[in-house]
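For the sequence shown, the numbering used here begins at 3 and goes up steadily by one. Glycine residues also receive a C-beta, built at the ideal position from the N, C-alpha and C atoms. First comes the structure, then the notes that go with it.
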Amino acid sequence: MPAERPNIIYVLADDMGYGDVSCLNPDSGIRTEHLDQLAAAGLTCRDAHASSAVCTPSRYSILTGRYNWRSTLKRGVNFGYDRALIEAGRTTVASFLRERGYTTACVGKWHLGWNWATRSDDAEDVDFSRPIADGPTAVGFDYFHGIAASLDMAPYVYVENDRVTAVPQGTTPGREGKEFWRPGPIGPDFDHADVLPHLTGKVLDFIDARAADGQPFFMYFPMPAPHTPILPTAEFQGKSGTNAYGDFCLQVDDVVGRIAAALERHGLADNTILAFTSDNGCSPMADFAELAAVGHHPSYVFRGHKADIYEGGHRVPLLVRWPDRIRPGSVSDQTVCLADLLATCADIVGGDLPAGAAEDSVSNLPIWDGRDEAVREATVHTSIDGSLSIRRGRWKLEMCPGSGGWSPPKPGPECEGLPPMQLYDLEADVGERRNVAGQHPSEVQELTALLTRYVREGRSTPGPAQENSGGSWDGLWFMETG
Ligand SMILES: [Ca+2]
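Set out below in structure tokens:
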């Protein structure tokens, strides 16, 4: 039998599209050789989804196993000064594993809010000399080294555990274009282009230390790339043959290769789960027209992109290597959600989850073990404007007339006159072009009822009903009709 406590490394790319991984996209203009090797050595999930089409909510569900729309954040994302989103006392993947003897670490882009010490009521009037509160080390991580939010969001400081590594002495004016970042305070040790290499070094240091002390570990590595600012280092500039975004994806690929090599070097590869995924689809900041001109499509055959309710918003690459348990070259077309991490970890490590935890998380272990069976009853997604969709098997019902995000038809005037819901048959129409809600009223009714139940019960898995954390919002308009 495999060891009961495998190490777990969860690498989360930021805004990397399904089609940016070459083993998932035969026509990819980017050759991600290390990710392709990871897939060949493990499991490729071709129907994997973030619970949301944007950063903060996706991260919430990854760490808590609870749909993001049950939190107080009903639409949009957090920014660098926003307060902690994960509720105090809530079980996270990190707290669960730490209670079972794991050393837990988060290196990278947090983007779930924390509470800065402020000098006044102004959230941006931060006293950087004082510790943060309710950050990663308050929700189960023994160690944190990283940044508050996206790499284009101020303040630009590294935080280690609960302290900044250097107090900002000045501000940056920001940048435009692919290298976009907002103006704001910046620490003397902070260089945007060096953030990914810097964080990668911290991840490798952590692996080295665990190899020496022999403790099982959980490393959650939400990297800030290939999100803006798109800043590939000199080694990768021009290397992909696409554009700077493609070059940055190659750098992401290289980072995964370096992690895999470190595990090999320490003899840890067989007993370590190495997972790679992305928090949402590719962003228009990648410049789709430039990429299309060289035949590359980050959303592959899927409609839309980051922020959308369409598949391009939330269908993501998910590769899992675990030589002790997962057969090399496995492929699954079962629907899974990134919110499944917590239940999957509980299934592997053992131990019960509290009733008020992992409300929407389902173990993926049957799929990892090679069984071709559905693990999820249905899966709910959200777009950036808080619109919901529910997917069950071939059917996907979207509770909005358009994208709910940034691709056409956008919320507002572009949606005038369109039906309020969209039903797509993903087996016949993976590109979500033919709304068949009118032809399949029973599917519309059943899925609406199921989604309504998921909202009302505060969970979508078996167990006692739970309270949702926030109030109602207009994304729930359909509940009034049923
Ligand atoms: Ca993102």
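What residues in its chain sit with their C-beta under 7 Å from that of residue 192, if we drop five residues either side in the sequence? Position 190 of the sequence shown, counted from the first residue, corresponds to residue 192. Taken in chain order, the residues that qualify are 158, 159, 160.
Sorted by chain position, which residues of the same chain lie with C-beta nearer than 7 Å to residue 155's C-beta, five sequence neighbours on each side aside? Looking up residue 155 in the sequence shown gives position 153. The answer, listed in chain order, is 81, 82, 184.
What first and last residue would you give for the alpha helix (DSSP H) that runs through residue 114? In the sequence shown, the residue the question calls residue 114 occupies position 112. It is not in any alpha helix (DSSP H) - residue 114 carries neither H nor E in the DSSP assignment.
Thinking just about the alpha-carbon of each residue, which of 144, 141, 118, 139 is nearest to the one in residue 132? For this step, residue 132 is matched to residue 130 along the sequence shown. Answer by Cα proximity: 118.
Taking Cβ positions only, does residue 377 come closer than 7 Å to chain B? Absent from the structure is chain B; it holds one protein chain and no more.
Using a Cβ-Cβ cut-off of 6 Å (strictly less than) and excluding sequence neighbours within five positions of residue 210, which residues of its own chain qualify? Against the sequence shown, residue 210 aligns to sequence position 208. Cβ within range, chain order: n/a, list empty.
Between which two residues does the alpha helix (DSSP H) containing residue 256 stretch? Taking the first residue of the sequence shown as position 1, residue 256 is located at position 254. Unbroken alpha helix (DSSP H) run through residue 256: 246-267.
Among 355, 238, 359, which one has its Cα closest to the Cα of residue 254? Counting from 1 along the sequence shown, the entry for residue 254 is found at position 252. Of the candidates 355, 238, 359, the one whose C-alpha sits nearest the C-alpha of residue 254 is 238.
Tell me whether residue 108 counts as near ligand 1, meaning its Cβ is closer than 6 Å to at least one heavy atom of that ligand. Stepping through the sequence shown from its first residue, residue 108 is reached at position 106. For ligand 1, not one heavy atom lies less than 6 Å from the Cβ of residue 108.
Around the Cβ of residue 381, are there at least 16 other Cβ atoms within 10 angstroms (buried) or fewer (exposed)? The count along the sequence shown starts at 1 and reaches residue 381 at position 379. The residue in question, residue 381, is buried, as its Cβ has 16 or more Cβ neighbours within 10 Å.
Would the segment 196-207 and the segment 107-117 be scored as touching if the rule is three or more Cβ pairs under 8 Å? yes
For residue 279, is the classification buried or exposed, using 16 other Cβ atoms within 10 angstroms of its Cβ as the cut-off for buried? Taking the first residue of the sequence shown as position 1, residue 279 is located at position 277. Result: buried.
What did DSSP end up calling residue 324 once you bin it into helix, strand or coil? As a position in the sequence shown, residue 324 is number 322, starting the count at 1. Looking at residue 324 - three-state DSSP - the assignment turns out to be coil, as it is neither helix nor strand.
Per the DSSP calculation, residue 183 is bridged to which residue(s)? By one-based count along the sequence shown, residue 183 stands at place 181. Bridge partners of residue 183: 177.
Would residue 244 pass as a contact of residue 198 if the rule is Cβ separation under 7 Å? Here the question's residue 244 lines up with position 242 in the sequence shown. Here the question's residue 198 lines up with position 196 in the sequence shown. No, the pair does not count as a contact, with Cβ atoms beyond the cut-off.
For the putative contact between residue 270 and residue 213, defined by C-beta atoms under 8 Å, what is the C-beta separation to the nearest angstrom? Counting from 1 along the sequence shown, the entry for residue 270 is found at position 268. Counting from 1 along the sequence shown, the entry for residue 213 is found at position 211. Indeed, because the Cβ distance is near 6 Å, the residues count as touching under 8 Å.
What is the rounded straight-line gap between the Cα of residue 86 and the Cα of residue 71? In the sequence shown, counting from the first residue as 1, residue 86 sits at position 84. In the sequence shown, counting from the first residue as 1, residue 71 sits at position 69. Each residue's Cα considered, the two are about 15 Å apart.
For residue 475 and residue 76, what's the separation of their Cα atoms in angstroms? Within the sequence shown, the letter at position 473 stands for residue 475. Within the sequence shown, the letter at position 74 stands for residue 76. Spanning the two alpha carbons is a distance of roughly 7 Å.
Along the chain, where does the beta strand (DSSP E) containing residue 315 start, and where does it finish? As a working mapping, residue 315 is identified with position 313 in the sequence shown. No beta strand (DSSP E) holds residue 315; the alpha helix (DSSP H) holding it covers 313-316.
Buried or exposed, going by whether 16 or more other CB atoms sit within 10 Å of the CB of residue 3? For the purposes of this step, residue 3 is taken as residue 1 along the sequence shown, with counting starting at 1. Unreliable positioning characterises residue 3 in this predicted model, as indicated by a pLDDT of 39, which lies under 50. A coordinate reading is not provided.
Below 8 Å CB to CB, which residues in the same chain sit around residue 353 once its five sequence neighbours on both sides are set aside? In the sequence shown, counting from the first residue as 1, residue 353 sits at position 351. Contacts found: 98, 101, 102.
CB residue 79 to CB residue 47, shorter than 7 Å? As a working mapping, residue 79 is identified with position 77 in the sequence shown. As a working mapping, residue 47 is identified with position 45 in the sequence shown. Cβ atoms of residue 79 and residue 47: not closer than 7 Å.
Of the residues 9, 14, 26, 15, the one placed nearest residue 333, counting alpha carbons only: Here the question's residue 333 lines up with position 331 in the sequence shown. Residue 333 has its Cα closest to that of 26, out of 9, 14, 26, 15.
Within a Cβ cutoff of 7 Å, which residues of the same chain sit near residue 32, ignoring the five residues on either side of it in sequence? Locating residue 32 in the sequence shown gives position 30, counting from the first residue. Result list for residue 32: 22, 24, 242, 244, 248, 251, 252, 298, in chain order.
At which residues does the beta strand (DSSP E) containing residue 148 begin and terminate? Residue mapping note: residue 148 aligns to position 146 of the sequence shown, counting from 1. Counting along the chain, the beta strand (DSSP E) containing residue 148 begins and ends at 145-149.
Would you mind reading off the limits of the beta strand (DSSP E) that contains residue 428? Along the sequence shown, one-based indexing puts residue 428 at 426. Residue 428 -> no beta strand (DSSP E), and no H or E assigned at all.
Give the C-beta separation of residue 351 and residue 365 to the nearest angstrom, bearing in mind that I take them to be a contact with Cβ-Cβ under 8 Å. Numbered from its first residue, the sequence shown carries residue 351 at position 349. Numbered from its first residue, the sequence shown carries residue 365 at position 363. Going by Cβ atoms, the distance from residue 351 to residue 365 rounds to 11 Å, so no, they are not a contact pair.
For residue 27, is the beta carbon positioned less than 6 Å from some heavy atom of ligand 1? Locating residue 27 in the sequence shown gives position 25, counting from the first residue. Flag unset: Cβ of residue 27 not near ligand 1.
Say yes only if the C-beta of residue 163 is nearer than 6 Å to one or more non-hydrogen atoms of ligand 1, and no if none qualify. Position 161 of the sequence shown, counting from 1, holds the residue named residue 163. No - ligand 1 has no heavy atom lying nearer than 6 Å to the Cβ of residue 163.
From residue 401 to residue 73, what does the alpha carbon distance come to, in whole angstroms? Walking along the sequence shown from the start, residue 401 turns up at place 399. Walking along the sequence shown from the start, residue 73 turns up at place 71. In a straight line, the C-alpha of residue 401 is about 19 Å away from that of residue 73.
Can you give me the Cβ contacts of residue 328 inside the same chain, cut-off strictly under 7 Å, excluding the 5 residues immediately before and after it? Reading the sequence shown from its first residue, position 326 is the one you call residue 328. The answer, listed in chain order, is 44, 45, 322, 370.
From the DSSP output, in three-state form, read off residue 392 for me. Stepping through the sequence shown from its first residue, residue 392 is reached at position 390. Here residue 392 sits in strand by DSSP.
Could you pull the start and end residues of the alpha helix (DSSP H) that residue 36 belongs to? Within the sequence shown, the letter at position 34 stands for residue 36. Taken as a continuous stretch (DSSP letters only), the alpha helix (DSSP H) holding residue 36 covers 35-42.
Could you tell me the boundaries of the alpha helix (DSSP H) in which residue 132 lies? Residue numbering aside, residue 132 sits at position 130 when the sequence shown is read from its first letter. It is not in any alpha helix (DSSP H) - residue 132 carries neither H nor E in the DSSP assignment.
Counted within 10 angstroms of its Cβ, other Cβ atoms place residue 187 as buried (16 or more) or exposed: Here residue 187 is taken as the residue at index 185 of the sequence shown, counted from 1. Burial call: buried.
Whether residue 397 touches residue 445 by CB criterion (7 Å): Indexing the sequence shown from 1 puts residue 397 at position 395. Indexing the sequence shown from 1 puts residue 445 at position 443. Yes.
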